[in-house]
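Under numbering that gives the first Met the number 0, residues 0 to 255 are what the sequence shown spells out, in order. Glycine included, C-beta positions come from ideal geometry on N, C-alpha and C. A quick note: this is a predicted structure, and the numbers were derived from the prediction, not measured. Worksheet: one structure, shown below.
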Amino acid sequence: MRVPLFKMEAIGIIPAHFGSSRFEGKVLADILGKPMIQWVYEAASKVKLLDDLIIACDDERILRAAKNFGAKAVLTSKDHSCGTDRIAEVVNPIDTRIVINIQADEPLIHPSMIDMVGRTLLDNTNVVMSTLRKEITKAAELFDSNIVKVVVDKDDFALYFSRSAIPSPERYIDKASSSLPKGFFKHIGLYAYTKDFLFTLKKLPASNMEKIERLEQLRVLENGYKIKVIETNFETIGVDRPEDLTKVVAMLTHEK
0 MRVPLFKMEA IGIIPAHFGS SRFEGKVLAD ILGKPMIQWV YEAASKVKLL
50 DDLIIACDDE RILRAAKNFG AKAVLTSKDH SCGTDRIAEV VNPIDTRIVI
100 NIQADEPLIH PSMIDMVGRT LLDNTNVVMS TLRKEITKAA ELFDSNIVKV
150 VVDKDDFALY FSRSAIPSPE RYIDKASSSL PKGFFKHIGL YAYTKDFLFT
200 LKKLPASNME KIERLEQLRV LENGYKIKVI ETNFETIGVD RPEDLTKVVA
250 MLTHEK
């Protein structure tokens, strides 16, 4: 009988930070009677690929809320500057091959999206990190600096991420137009890493483009590593501001 190299193949971590600068306490914001993080946890708990699912939080209020709806949660240091460091603290003693970073402010996340990024690594040993993209069909989204855009190569590895419209549409798209031709994608901030690469990433210094764009994933590209970017058809809304909650509620109500 073959002895497995890892006790677990994949675990999901939901890093939850209370003190968001644009929307403090957003992970506990009420959405149709449940805190936002509960929507994320319940979606992730449906992913059969995950051997374990943990909320990694920096505040007792999040910890209490998580335990109230039956989640597995741990309290981490308040000194972490990013979710990656918070995840690393939790997974350091855990014997697993793959770690999936599930954003706590994505209440519309679909279980299949988590499954896709995880299976990409499990099925391709040459891939150390994966994430998602969704086609942009509305011009307003392309020109919205709060929505991160991504371009990829022929093998679906990321070339660049930006808050600006990429590739440049200036020559043939009217900013006042409501529709777009094919070829534009937004990035969905769901990540899978091998555990080894997660700790490699943690040790890398902040890069120049990362500081300019305020996008941590650019640190990976600037240091010569690759990110596989899988396309999904599921729409999500990352909650950055209180007004985003209205959009989320509208979508959830429409689904019902």
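- Excluding residues up to 5 positions away in sequence, Lys25 lie with their Cβ nearer than 7 angstroms to the Cβ of Ser19 in the same chain.
- Within the same chain, and ignoring the five residues on either side of Ile30 in sequence, the residues whose Cβ sits closer than 8 angstroms to its Cβ are Trp38, Pro106, Leu244, Val247, Val248, Leu251.
- Contact check for Phe184 and Val149: beta-carbon distance about 5 angstroms, within the 8 angstroms limit, so the pair qualifies.
- Given a length threshold of 3 residues, each whole run of the beta strand (DSSP E) inside the region 193-234 is given here in chain order: 227-230.
- CA-CA distance, Asp78 to Ala42, rounds to 28 angstroms.
- Along the region 68-134, the beta strand (DSSP E) occurs as fully enclosed runs of 3 or more residues at 72-74, 95-100, 128-134, listed in sequence order.
- CA-to-CA, the gap between Gly32 and Asp152 works out to about 42 angstroms.
- Distance check between Thr231 and each of Ser144, Ser129, Gln216 places Ser129 closest, using alpha-carbon atoms only.
- In the three-state reduction of the DSSP assignment, Asp154 falls in the coil class.
- In the DSSP annotation of this structure, Leu141 is not part of any beta strand (DSSP E); the continuous alpha helix (DSSP H) holding it starts and ends at 138-141.
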